[in-house]
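Using UniProt numbering, read the sequence shown as starting at 1 and increasing by one per residue. Each residue gets a CB set at the ideal place from its N, CA and C atoms; glycine is no exception. Computed from a prediction, not measured in an experiment: that's the story for all the values here.
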Amino acid sequence: MTYIVNDACIACKYTDCVEVCPVDCFYEGENMLVIHPDECIDCGVCEPECPADAIRPDTEPDMEKWVEFNRKYSEMWPVIITKKDPLPEADARDGEEGKLEKYFSEKPGEGG
Numbered sequence: 001m002t003y004i005v006n007d008a009c010i011a012c013k014y015t016d017c018v019e020v021c022p023v024d025c026f027y028e029g030e031n032m033l034v035i036h037p038d039e040c041i042d043c044g045v046c047e048p049e050c051p052a053d054a055i056r057p058d059t060e061p062d063m064e065k066w067v068e069f070n071r072k073y074s075e076m077w078p079v080i081i082t083k084k085d086p087l088p089e090a091d092a093r094d095g096e097e098g099k100l101e102k103y104f105s106e107k108p109g110e111g112g
């Protein structure tokens with residue numbers, strides 16, 4: 001099992017999760033985070049930290065696409081281990097549907 005970040009993170013990018021991760025397996029894109037599925041140790045401490053409920057176990061239905069999504073971008077983006085402010089539009093975008101199609105950016109974040 002591993003945990004993944006889904007599209008609920010897009011345009012919010014809360015980083016509460018990165019501070020509790022014992023293995024530093026979060027990677028930062030311009031407007032979301034992902035988890036490297038091969039580095040995640042399945043501890044689950046990150047899941048309750050996410051205000052957007054964007055972190056889910058891969059054992060839930062239809063998670064295969066998110067495992068591959070997280071794998072792809074974790075290999076392209078820099079690691080993030082330090083909590084940062086969420087994106088300015090986070091409160092307005094939290095819970096919005098269709099964020100992958102509307103807002104997702106493949107650009108890397110700053111990491112750190």
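With distances taken between CA atoms, K107 lies nearest to E30 out of I35, F26, E30.
Counting the other CB atoms within 10 Å of its CB gives M76 a total below 16, which places it among the exposed residues. With contacts defined by Cβ atoms closer than 8 Å, V5 and I35 form a contacting pair.
Contact between the segment 11–25 and the segment 41–56 is established, with three or more Cβ pairs separated by less than 8 Å. Under the three-state reduction of DSSP, F69 is assigned to helix. For the UniProt domain "4Fe-4S ferredoxin-type" (1–30), the full-length beta strand (DSSP E) segments reaching 3 residues or more read 3–5, 26–28 along the chain. Bounds of the alpha helix (DSSP H) holding L100 are 99–103.
Linking K99 to R71 through their CA atoms gives a straight-line distance of about 19 Å. Residues A52, P86, L87, A90, R93, D94 of the same chain have their beta carbon placed closer than 7 Å to that of C12, with the five preceding and five following residues left out of the count. In this structure, F104 sits near I10, with a CB-CB distance shorter than 8 Å.
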